[in-house]
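Everything below concerns the one structure shown next.
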Amino acid sequence: MATEHRLPDTVRPEKYSIELRPNLKAFSFEGSESIRIQVARPTKTIVLNAEGLEVREATVSSSKGGSLPATSIDFDSKREVLRLDFAESVPSGPATLRLSFSGTLNDELAGFYRSRYTMSDGKQGYMAATQFESTNARRAFPCWDEPAAKATFEVSLVVPDGMTAISNTPPLDEKDLGDGTRLVRFAETPRMSTYLLAFAIGPLDTIEGKARRGTKLAVWALPDRIGHSRWALDEAIRILDYLNDYYGIPYPLEKLDHIALQDFAAGAMENWGAITYRERILLFDPATSSAQTRQTIVEVIAHETAHMWFGDLVTMAWWDDLWLNESFASWMGAKTTGALHPEWKMWTQFLEEDIVRGLALDGLKSSHPIEVPVRDPAEIREIFDDISYSKGASILRMLEQFLGEATFRRGIRDYLKAHAYGNARTEDLWRALTAASHQPVRALMGSWTRQTGFPLLDVQVKRTGGSARVGLTQSRFLYSDILGPSKDRTRWKVPVRIARAGQKKPVSFLMEKKTESRPLGRSRRSADKDWIKVNAGQSGFYRVNYPPEEWDRLRRAVEAGELGTEDRSGLQNDAHALMRAGYLPATTLLDLTAAYRGEDDATGWRLIAESLHDVETLISDTRYLEKFDAYGRELFRRAGEQSGWDPKPREGHLDALKRSTVLSRLGHHSYRPVLTEAGRRFARYLKDPSTLHPDLRGVVYNLVGQQADQATYETLWELQRKAALQEEQVRLLMALSHPRDERLLQETLRRSLTDAVRSQDAVLVITTVAASRPSVGRDLAWSFVKDNWDELYRRYAESGFLIRRLVQIAQEFTTPEAVKDVERFFRGREAPEVRRTVQQSIEKIRVNAAWLKNNGKDLARWFATRSS
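Heads up, the sequence shown is in my numbering, so the first residue is 1 and it goes up one at a time.
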């Protein structure tokens, strides 16, 4: 690995004592720190990380050599390092480095930044908060900003009177400084990485509770919102109790805070003992919050709390093993949420939230392995993607199913105990799981973490009487195969489960060769009803293709209701991906999906909705769009009529999710009764907001926005401007991104970069304009991104994922001219955070164009047989 951006190992930190004095009027801060260091060998130079700071003074002292002032203080902005030179060598052994510095409370949602808050009475002000992952602690104080450079931290903050200060550990004491400020000193942290340090300063209030083992938990929010934090606190306590039991290692800190911030780039951040969140992902108002928000709060708290062990207690040695943090938190978040709320069917939802997302990105040639070499901050930021989160979580789920839950858990516990307060690599995890299972885990999983992509299993079935033999051939799945056959010879060790009609237990085995076959025994079914489903339960991270006659049998099984929820959803999603890659004609997908009219599962409908939206994007510039809308109305109508608009007695959480999905899609496809009812309910809402059910607000707002004229548009704008909670505000911003009137969409885009829209929400607005009706908004949004690139890049480059989402708008285009446009725009532009994303977008456009060319005639014939 290249070491240009890595720090030398001559000096390592042991303890930081940091004092920071933020100025919330001048948007600046002053700081000083004393760092206890260990010097491996005598040196005249100390190199550590710093970015955007002014270091005024630096001295080093040791018991052997006295105190030495730095003779030069130099910054290398490209490498983001601070070089301190001394006239004499600093002797080996312990020493203390003291620095004084200053910096800016920036508006980029990274490092030590300012956050604008708005009370419900309209009062505004600023608070300060941090977001240090991945490499932004160096923007708050000079440090060894690498995950393996673990140390303890003793933080002191000078804060204005009337404001609360929070950090990773409880406050030890406070001292009134007599100038309208006070000094808050916090307890020393355990050994941890710099990116996990956190502090927040603002007018925050709290509610508290305790876990079974005595840990104090608290939710912090603005005083006028703290009443909406009870759901989060109650669930946070249950989650911590569950994870304490699962890991077998008690949570090691005294307290665990959950902090709601109005400005926050990510959804949440796993700072040890002080987790930070976007406000709308932590607060729940029963009068206005939806079932989806209720679930999201639990999922995100579970994900972040899982990090307290995976990531915080045990941290990856370097960012090329990021997946050890994020994949485990995603998998464990789903597992925890499912254990606490089995009625939510989280492993079914996991198929949509993680498996499908991971497969979608990993089907590109320009994807990357889970274990991916990274060198500099830009490359590190770029791998916070669906490979490091969703693919990794999916293969952990697959491995757990293969080894067994009890064995997998035993290996996880051993891994955590062996590396507590330290760092680990992927090999360490495989070693622990191998010892627990007596299986060759490293050999099995290496093909999944060190190789890009995943397999496609081609199925052949040979029936003789009542017996059947299934042959499987594996090859790499690539969307670009639609451009021409690939010569890729990558192979995987694939855990295979095969279900057959009438048989209770699937056939399971590990496929290690390119081609293998297995007998399935006898069946009493007639041949036309004797379906065979590979990847039973849909826990495997791969795609499956069948001969036409087997697809027909599976379609009939769907119509007959014989497949389980995961298998139904996985089958349709496999067919969609195969269609996109040119393995199946588009008409096969449309015929199969028509068999799902009787679907009753929320996840199933969501995946179908995503599938149809993707097809709509591909044909958005063709003459088929009107007939495609007719197909969508026909497909969703029965489910919409069954769900209705109002909750029924004894309905559950998933019924609410399904209702939102099917009504939204019916309205999107211009089903007049739904559009009319949405308008009627909105008119009632304007007179009495309590008449609109929380689960219907997003649906109604979007469909009203879709039909909006100028007056309705301004009504929606005023509603979002006055909304008390961010959840409601964001719902209304989404509605303002849905008009079919280009002039109104242009106005939404213009307002997105003004102070009227929070910086964190602008990206969501722009991408929703692009996606809500691609034939209307895609070109507008992409032109807006290009015209405002400099400002967007300044705002969002440090976050990584936000700037990537803007670039990904381009991947929905379908012409060779669009490829040239993207290449031309990024030629000569220095944007390393999106280098791989640009490549992926170009690859997707080429695939889209080939798909449209290959399927055009079949679609014309297929739509010609359907009435509009």
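Cβ coordinates follow ideal geometry from the N, Cα and C atoms, glycine included. Just so we're clear, the structure is a prediction, and the values are computed from it rather than from any experiment.
Cβ pair residue i, residue j closer than 7 Å
i, j, result
"L429", "Y415", "yes"
"G267", "E299", "no"
"A908", "W331", "Lying before the first or after the last residue shown, residue 908 is absent from the chain, which here runs from 1 to 868."
"E550", "V461", "yes"
"D655", "S290", "no"
"A140", "F112", "yes"
"P190", "A50", "no"
"I35", "P8", "no"
"T130", "A198", "yes"
"L692", "R681", "yes"
"E830", "I803", "no"
"S737", "T715", "no"
"L97", "V60", "yes"
"Y16", "E33", "yes"
"H653", "W231", "no"
"R606", "E352", "yes"
"L478", "V544", "no"
"Q262", "S167", "no"
"L172", "R185", "yes"
"A762", "L749", "no"
"A678", "L719", "no"
"A873", "L589", "In the structure displayed, the chain extends from 1 to 868; residue 873 sits before or after that span and is not available."
"Y389", "F454", "no"
"G227", "L217", "no"
"S366", "Q839", "yes"
"V534", "I498", "yes"
Continuous alpha helix (DSSP H) stretch holding residue i: start and end
i, result
"G705", "P694 to Q706"
"S327", "W323 to L340"
"P774", "P774 to D787"
"F825", "P816 to F826"
"Y713", "Q710 to K722"
"F801", "F801 to V807"
Cβ distance (whole Å) where residue i is taken to contact residue j below 8 Å
i, j, result
"E188", "E154", "5 Å"
"T169", "G273", "6 Å"
"I380", "T194", "In fact, because the Cβ distance is near 13 Å, the residues do not count as touching under 8 Å."
"R410", "A436", "4 Å"
"R731", "R697", "6 Å"
"E371", "D321", "6 Å"
"A770", "E812", "7 Å"
"K44", "F86", "5 Å"
"R805", "V776", "That pair is no contact at about 19 Å."
Reduced DSSP category for residue i - H, G, I as helix; E, B as strand; rest coil
i, result
"Q262", "coil"
"S868", "Confidence in S868 is poor, its pLDDT being 46 and thus under 50, which makes the residue's placement unreliable; the coordinate value appears in the next sentence. Three-state result, S868: coil."
"A432", "helix"
"T181", "strand"
"Q439", "coil"
"V757", "coil"
"L97", "strand"
"K417", "helix"
"S63", "coil"
"Y793", "helix"
"L675", "helix"
"A2", "For A2, the predicted structure reports a pLDDT of 40, less than 50, and the residue's modelled location is therefore unreliable. A value from the coordinates is still provided. Coil."
"Q451", "coil"
"T164", "strand"
"F863", "helix"
"F186", "strand"
Range of the contiguous beta strand (DSSP E) that encloses residue i
i, result
"R278", "A274 to R278"
"M316", "V314 to M316"
"S660", "Per DSSP, S660 belongs to no beta strand (DSSP E); it is in the alpha helix (DSSP H), H653 to H668."
"Y631", "Where Y631 is concerned, there is no enclosing beta strand (DSSP E), although the alpha helix (DSSP H) it sits in stretches over L625 to S643."
"Q124", "Q124 to Q131"
"L196", "It is not in any beta strand (DSSP E) - L196 carries neither H nor E in the DSSP assignment."
Note down, one range per segment and in chain order, each beta strand (DSSP E) of at least 3 residues found wholly within the region 494-545. Counting only runs of at least 3 residues, the region 494-545 fully encloses the following beta strand (DSSP E) elements, listed from N- to C-terminal order: 494-500, 507-511, 515-522, 532-534 and 543-545.
Alpha helix (DSSP H) runs wholly inside the region 227-260, at least 4 long, in chain order: 230-247, all fully within the region 227-260.
Just to confirm the assignment: which complete alpha helix (DSSP H) runs, minimum length 4, are found wholly within the region 543-614? Listed in chain order, they are 548-560, 565-580 and 586-594.
In chain order, each alpha helix (DSSP H) run of at least 4 residues that lies wholly inside the region 351-403: Look at the region 351-403 and you find these whole runs of alpha helix (DSSP H), each 4 residues long or longer: 356-362, 377-382 and 392-403.
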